[in-house]
Every structure is written in structure tokens, then in C-alpha cells.
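Just below is one structure, and these are the notes that go with it.
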Amino acid sequence: MRFRYLVISLIVCVSCLAQSASLCVDHYPPHQVVLGENQAEGYAIEFAKEVVDALNDSLQIVTESNLEECLKLAHSGKVDLIMGLYKTPERSRFLDFYKFSDGYSSTLFITFYDHLNISSFQDLANKRIGVVRQHHYFDEFDQSTSITKIASDHLGQAIFRLKRREVDFVAVSRYQWEEVKDILRSYVSQVYVADFQYKNDAPVFLAASKTATLPFDRQQLAAVVERLYRQKRYGLQE
């Protein structure tokens, strides 16, 4: 009986050692490009791999259709990590944040209607703006209660609403432009970009679920991300 318990203990121990760090990924090129179920590539994936390699661990990719689903999984502790998040009070309740970039995004406002334009932030007040649910654009825009924001689950749905005239503009990241072209294909030449754009210098973080049992120490994780941040290891720089 003693040997039986020993074998069971060894199996459990090996199982623990084999645990990989799980990274939840939605399609956000060029940072995160979903190739198929639980398969992805991009700057964020390479950086996350470098982090877990430094911690002598391996990375398991979990793909989801949108960021909101990733946040739900992290909230319940079903995934360990999410890359490329902005820090907000709501997210800080269930995520620890580790800065890896000083910011790399701009917000653009696109439309099909050449008679419409946005020249300043104030012009947003009388427009219907399509946004992606749980996507952070910039604080003044996100926190405004005077702007009509119509949320979609993903960028494709937001652009479909623009084509159906359910919104006047769609807010997009500068780095979502390739995805916009993929969605619109031959229609991309009909897109107009508003004069008003916002450069977001807010830092960007790798986030770890507070409720997940990580396969490595959080202080060691913080030290590795800090070192890679100082070395400017993230692949996409301004």
C-alpha cells in the first residue's frame, strides 16, 4: 500500500510540473493573429513566449472570439495571462498588471460617408460611434457620457453596422487597419478617416489572473517582464 501511494504521488507531482501557462488570445493583428483553434502568432505571442521561457515554462494558447471572453476566463481563473491590456480599476479587481510597453496605439474614426467629419473631440458628441466591447480607446473617450457609443462583440460586427448605417463612425486602433482591410476587401477604398485622431501614450500591460494558480511565482514574473521592458524587447516599437 505504501508503494501504491508513492506512485500516485509521483503521478500528481509530474502532472503539476507539466502545467503550462495559458495565454488567452483574441484576433488583434499584428499583435495577435489567430490562425485557428488555439493557434496564434504575432508580436504579443512572441513576447509572452519569451516571458515564460525565461521562467522555464511553456505557453498554451487559448483562442477566443473577442477580448470580453478572455476577460471572463481570466476573471474565473480559467486562463492565466492576457497580453496587451490597458489598466483600469475594474480590471484591477481580478488581474495583476505588468508593464511591457509605454504605448503603441492611436485611435482613428472611420466612415463610409464623405459628408461626415470629426475635426475635434467635441465633434464626437453628436455622432453615433461604433466601438468594440471591452476595448480601451483613450480615457477621455471611454469615460465620456455625452458620446453615443454602440458596442459590438468584434470589429467585423462594428463595421457591418457602419455599412447598415446603424453608426456614423467606427473607432479603430491604427494597428487594426490591416484587419479593416481584410474585412472590407474591395470596399476599403470607400473608407474615409476623420481628421481627428488620438495618440494614446498609456502604458500597455501583460495581465495575470488573480484567481488562477500560476505555474510560476508572480514576483519572478514581474521581474522578467520588467527586465524585458527595459530592454525594449517587445517587437513593435514606435
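Quick note, the sequence shown lines up with residues -20 to -1, 1 to 218 if you use mature numbering (1 follows the signal peptide of the UniProt record, and there is no 0). Built from N, CA and C at the ideal position, the CB exists for glycine as well.
- Its chain contains G22, Y23, Y155, E158 and L216 as the residues whose beta carbon lies nearer than 8 Å to that of P10, once the 5 sequence neighbours on both sides are disregarded; these appear in chain order.
- Only residues of its own chain outside the window of five on either side were considered, and among them F74 have a CB closer than 6 Å to the CB of H55, listed in chain order.
- Taking the CA atoms as reference points, V205 sits about 32 Å from D162.
- Cα atoms of L39 and A1: separation of roughly 5 Å, rounded to the nearest angstrom.
- Straight-line spacing of the CA atoms in S132 and I90 works out to 15 Å.
- Three or more Cβ pairs closer than 8 Å define a contact, and the stretch 61 to 78 meets that threshold against the stretch 178 to 193.
- Cβ-Cβ separation between V171 and A138: approximately 13 Å, too far for a contact (criterion under 8 Å).
- Put simply, the backbone Cα of Q114 is about 25 Å away from that of D175.
- Non-local C-beta neighbours of F196 in its own chain, meaning closer than 6 Å and more than five positions away in sequence, comprise L35 and D37, ordered along the chain.
- Bounds of any beta strand (DSSP E) do not take in K143; it lies within the alpha helix (DSSP H) bounded by L135 to K143.
- Residue burial annotation: G16 is exposed, with fewer than 16 other C-beta atoms found within 10 angstroms of its C-beta.
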